[in-house]
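In the numbering used here, the protein residues as written are 1 to 216. For glycine and all other residues, C-beta sits at the position ideal for the given N, C-alpha and C.
Okay, structure coming up:
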């Protein structure tokens with residue numbers, strides 16, 4: 001039932017006693033994590049295939065497989081017994097049916113493909129996709145793997161923030177430009193030269209003063 005599913009999800013995602021090791025998560029995901037981190041993570045760059053599950057986190061893969069296996073309305077036993085097997089997340093055995101996707105599946109009872117087979121997925125009818133969610137004001141350059149602001153802040157609404165009740169300016173981002181390694185080396189050497197010049201100047205000044213005092 002819906003209430004039981006919500007209760008199970010709450011225990012898996014909002015408590016640290018079971019966390020990602022709960023039965024609901026382990027049925028559709030492979031994870032050694034404990035409690036779920038509420039930190040969204042850092043997106044360093046974009047893969048060529050946005051639907052590739054290999055570069056996603058355990059939590060994201062769980063959500064994808066959980067929704068995919070529930071979209072067709074099949075029971076757990078029907079998925080185990082009737083759904084075609086496939087290799088998840090990637091492998092030679094693909095889903096042949098139109099509109100089918102390969103979702104991770106670990107049967108509670110032995111079904112088709114569960115007796116020592118490496119086919120750890122099931123083909124289910126679902127229109128599941130990974131949809132990237134970042135600011136519309138950002139662009140990613142695949143050649144340099146760098147992010148930059150596209151200059152549309154004054155003309156394009158940033159939909160990712162408009163769904164929240166945050167105050168204007170929250171969340172905010174601070175961009176810090178770092179210098180190159182060569183600049184750091186030059187700055188370090190300049191400091192050494194300046195320090196050496198100061199010591200040499202002090203030494204010369206002391207010698208001059210001592211010489212003048214001897215003449216008196």
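Cβ shell of residue i (< 7 Å), same chain only, five flanking positions each side left out
{"i": "residue 47", "result": "55"}
{"i": "residue 26", "result": "106"}
{"i": "residue 65", "result": "28, 29, 103, 104"}
Delimiting residues of the alpha helix (DSSP H) encompassing residue i
{"i": "residue 141", "result": "Per DSSP, residue 141 belongs to no alpha helix (DSSP H); it is in the beta strand (DSSP E), 138-141."}
{"i": "residue 55", "result": "First-last for residue 55: undefined, no H or E at that position."}
{"i": "residue 205", "result": "181-215"}
{"i": "residue 18", "result": "First-last for residue 18: undefined, no H or E at that position."}
Straight-line gap, residue i to residue j (C-alpha atoms, nearest Å)
{"i": "residue 155", "j": "residue 3", "result": "44 Å"}
{"i": "residue 10", "j": "residue 49", "result": "31 Å"}
{"i": "residue 92", "j": "residue 143", "result": "30 Å"}
{"i": "residue 83", "j": "residue 31", "result": "23 Å"}
{"i": "residue 149", "j": "residue 179", "result": "19 Å"}
{"i": "residue 213", "j": "residue 200", "result": "20 Å"}
{"i": "residue 189", "j": "residue 147", "result": "32 Å"}
{"i": "residue 176", "j": "residue 151", "result": "17 Å"}
{"i": "residue 111", "j": "residue 133", "result": "Because residue 111 carries a pLDDT of 46, less than 50, the predicted location of this residue cannot be relied on, and no value is offered for it."}
{"i": "residue 182", "j": "residue 192", "result": "15 Å"}
Cβ-based neighbour list, residue i, same chain, cut-off 8 Å, excluding 5 preceding and 5 following
{"i": "residue 145", "result": "44, 45"}
{"i": "residue 18", "result": "11, 12"}
{"i": "residue 94", "result": "86, 87, 102"}
{"i": "residue 117", "result": "Per-residue confidence for residue 117 stands at a pLDDT of 45, beneath the threshold of 50, marking its modelled position as unreliable; no derived number is given."}
Per-residue burial, residue i [other beta carbons within 10 Å of its own, 16 or more giving buried]
{"i": "residue 121", "result": "buried"}
{"i": "residue 15", "result": "exposed"}
{"i": "residue 172", "result": "exposed"}
{"i": "residue 86", "result": "buried"}
{"i": "residue 206", "result": "exposed"}
{"i": "residue 29", "result": "buried"}
{"i": "residue 195", "result": "exposed"}
{"i": "residue 197", "result": "exposed"}
{"i": "residue 69", "result": "buried"}
{"i": "residue 141", "result": "exposed"}
{"i": "residue 100", "result": "buried"}
Neighbourhood of residue i by C-beta distance below 6 Å, restricted to the same chain and skipping five residues each side
{"i": "residue 88", "result": "102, 104, 120, 121"}
{"i": "residue 53", "result": "61, 89"}
Residue i: first and last residue of the uninterrupted beta strand (DSSP E) it sits in
{"i": "residue 100", "result": "100-104"}
{"i": "residue 124", "result": "121-125"}
{"i": "residue 4", "result": "Where residue 4 is concerned, there is no enclosing beta strand (DSSP E), although the alpha helix (DSSP H) it sits in stretches over 2-13."}
{"i": "residue 149", "result": "146-149"}
Residue i versus the options, residue with shortest Cα-Cα distance
{"i": "residue 233", "options": "59, 28, 24, 27", "result": "There is no way to answer for residue 233, as the model of the chain reaches only from 1 to 216."}
{"i": "residue 36", "options": "51, 61, 52", "result": "61"}
{"i": "residue 135", "options": "123, 193, 157, 215", "result": "157"}
{"i": "residue 20", "options": "196, 34, 5", "result": "34"}
{"i": "residue 130", "options": "24, 8, 51", "result": "51"}
{"i": "residue 123", "options": "167, 183, 57, 76", "result": "76"}
{"i": "residue 73", "options": "185, 125, 57, 24", "result": "125"}
{"i": "residue 98", "options": "216, 127, 71", "result": "127"}
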